[in-house]
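Heads up, the thing below is written out as structure tokens.
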DNA sequence: GGGGTCATGTAATAGGTTACATGATTCT
DNA sequence: AGAATCATGTAACCTATTACATGACCCC
């Protein structure tokens, strides 16, 4: 698999994939992305889109196809996929599916530094987190329901299913962690409490 | 919670947290980060570290403390936490724990565009993915075992535990997806297969 | 016909990664 | 003594995000 992609922004992958179906102009790409809900899976930014299109053009993956004008609107440049673009799309998707990447979710970072806060505060914060997780889960489920009502085939809902699976796992982990913090039998609790009792390091009461 | 942090790179969070314990110079921060294994949870980059230290200084969260020289090595500037820095650390951690962020894992992006590849290819790729996931899981477990042998308290292994939970969920999801693709009773399979049978869009045999 | 919002794009800025540089130890 | 690696930092280059612009349509 390619060591380093010419264009690495995942937005470019979506662009390639949409252009598989038919040539489009950038604005249309953006609209499709939003309407399609793919912006939930791939970070979308109006500005970035034009950047990515430029990059893809320079890399030879897409090419200016025609330049049309409708009414008195500004000119719109329509781009189409090249053969190299088709190949890149296939190769990139292959890589993304077959080779998991090491990523850096925010919550992992938080967990790795959690000892800097006193345990009782952490417990409260985790409870709040649980509520938010429930909301996000409901939201994902809602997306699925909406789409299903629209007869969207399940093939296009896999991301949301996966998201829900992850959220459930996170909720279970957080719930269990709250319990462990509350349970005085947890071996590392003594140390943690003690550490924050003596040096009231981070939180000397705030208003 | 603060709408927009002055410094948003998570590396800065690690810096603040280390400086809680004692003042250090940048290189030492980097070394600690790597030795400590926190680089598994927070993306570390030699260059970024200096950038972040600069940003933190400008924002008033840390301050130059002294400038020492040892042997004939270049001067090293030692930084310490300010009160504002302590507050920022606490507030930031609070936010990270209590409020889950919407993130964009690569695999989610892949899933959302997976229909662009033909199903049999996808099945193979997913099997490969399963192997890699198993490796990563073993690696995380290994980290835990190593640390445990070193008497590191479980409090500092939560990230790895969490990672393992996520990996297990992903493995289960991928396994199930492979099954669904193999099962002709899966409702959307007909459509998917058909689509790629008629227009042999992406993969006209490659050498 | 004036005020929103849609359509479309460019430019300025900030953020992060890679490459470059250079003296000091350590190893063989 | 020469090679390799550690320690330390700066600079150049990409990338990405925000802000700025501007004409068209649509509604009241």
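Protein chains in written order, with the working numbering: chain V, 5 to 211; chain D, 5 to 211.
Yeah, the Cβ is synthetic: ideal placement off N, Cα and C, and Gly gets one too.
Can you check whether the C-beta of residue 66/D is within less than 8 Å of a C-beta belonging to chain V?
Judged by the 8 Å Cβ criterion, residue 66/D is not in contact with chain V.
Who are the Cβ neighbours of residue 197/D in its own chain at under 7 Å, not counting the five residues just before and after it?
123.
What are the uninterrupted segments assigned as alpha helix (DSSP H) that are 4 or more residues long and contained completely in the region 101-188 of chain V, given in chain order?
Whole alpha helix (DSSP H) segments, 4+ residues: 110-116, 123-153, 162-186.
List the endpoints of the continuous alpha helix (DSSP H) containing residue 38/D.
Segment 30-39, the alpha helix (DSSP H) holding residue 38/D.
If I measure Cβ to Cβ from residue 19/D and keep anything under 7 Å in the same chain, skipping five residues before and after, which residues do I get?
Once the five neighbours on either side are set aside, the close Cβ partners of residue 19/D are 33, 56, 57, 60.
Under the rule that 16 or more other beta-carbon atoms within 10 Å means buried, what is residue 195/V, buried or exposed?
Classification of residue 195/V: exposed, given that the 10 Å Cβ count is below 16.
Run the proximity test for residue 146/D: is its beta-carbon closer than 7 Å to any non-hydrogen atom belonging to the ligand ZN?
Of the ligands one can find in the structure shown there are none, so the ligand ZN has no counterpart to examine.
With DSSP collapsed to three states, give me the class of residue 61/D.
Three-state DSSP puts residue 61/D in a helix.
Nearest CA to the CA of residue 100/D: which residue from 114/V, 102/V, 97/V, 190/V?
Minimum Cα distance to residue 100/D is reached at 114/V.
Using DSSP's beta-bridge definition, name the partner residues of residue 68/D.
In DSSP, residue 68/D forms a bridge with 83/D.
List the residues of chain V whose Cβ lies closer than 7 Å to the Cβ of residue 105/D, in chain order.
Correct list: 110.
Helix, strand or coil, according to DSSP, for residue 45/V in the structure here?
DSSP places residue 45/V in coil when its eight states are reduced to three.
Taking only the alpha-carbon atoms, compute the straight-line gap between residue 169/D and residue 80/V and give it to the nearest angstrom.
Cα to Cα, the separation comes out at about 48 Å.
Measuring only the C-alpha atoms, how far is residue 85/V from residue 146/D?
Distance between the alpha carbons of residue 85/V and residue 146/D is about 45 Å.
With distances taken from CA atoms, which of 96/V, 27/V, 41/V, 66/V is nearest residue 9/V?
Looking at the Cα atoms, 96/V is the closest of the given residues.
Within 8 Å of any Cβ in chain D, is that where the Cβ of residue 9/V sits?
Residue 9/V does not count as touching chain D.
Please report how far the alpha carbon of residue 26/V lies from the alpha carbon of residue 172/V, in whole angstroms.
Cα to Cα, residue 26/V sits roughly 38 Å from residue 172/V.
In its own chain, which residues sit with a C-beta less than 7 Å from the C-beta of residue 164/D, not counting the 5 before and 5 after it?
Within the same chain, residue 164/D has close Cβ partners 144, 147, 148.
Closest Cβ-Cβ distance between residue 211/V and chain D: below 8 Å?
Summary for residue 211/V: the model assigns pLDDT 43, below 50, so the residue's position carries little reliability, and this model does not support an answer.
How many angstroms separate the CA atom of residue 129/V from the CA atom of residue 11/V?
Straight-line Cα distance between these residues: approximately 39 Å.
What are the boundary residues of the alpha helix (DSSP H) that residue 197/V is part of?
From DSSP, the alpha helix (DSSP H) with residue 197/V extends over 193-202.
Since residue 157/V meets chain D, which of its residues come closer than 7 Å, beta carbon to beta carbon?
Those are 192, 195, listed as they occur along chain D.
Who are the near neighbours of residue 75/D in its chain, counting only those whose CB is closer than 6 Å to its CB and skipping five residues on each side?
Low local confidence applies: a pLDDT of 48 at residue 75/D is under 50, so the model's placement there is unreliable, with the coordinate-based value given in what follows. Nothing listed; no residue qualifies.
If you reduce the DSSP assignment to three classes, tell me which class residue 90/D lands in.
Correct three-state label for residue 90/D: helix.
Taking residue 32/V as the query, report the chain D residues whose CB atoms sit under 9 Å from its CB, ordered along the chain.
Those do not exist, as residue 32/V stays about 17 Å from chain D at its closest Cβ, beyond 9 Å.
Considering just the uninterrupted stretch of the alpha helix (DSSP H) at residue 12/D, what are its terminal residues?
From DSSP, residue 12/D is part of no alpha helix (DSSP H); its letter is neither H nor E.
Answer yes or no: does any C-beta atom of chain D fall closer than 8 Å to that of residue 18/V?
True, the Cβ-Cβ gap to chain D drops below 8 Å.
Determine whether the Cβ of residue 118/D lies closer than 8 Å to any Cβ atom of chain V.
Cβ-Cβ to chain V under 8 Å: yes for residue 118/D.
What separation, rounded to the nearest whole angstrom, lies between the Cα atoms of residue 184/D and residue 23/V?
Roughly 28 Å separates the two Cα atoms.
Going along chain V, which residues have a C-beta under 7 Å from residue 136/D?
Within chain V, the residues near residue 136/D are 103, 104.
Which residues of chain D have a Cβ atom closer than 7 Å to the Cβ of residue 166/V, listed in chain order?
Within chain D, the residues near residue 166/V are 112, 115, 177.
Chain D beta carbons: is any one of them nearer than 8 Å to that of residue 81/V?
Closer than 8 Å: no.
Measuring CA to CA, which of 126/V, 154/V, 166/V, 21/V is closest to residue 94/V?
With distances taken between Cα atoms, residue 94/V lies closest to 21/V.
Would you call the CB atoms of residue 159/D and residue 119/V closer than 8 Å?
Yes, they are a contact pair.
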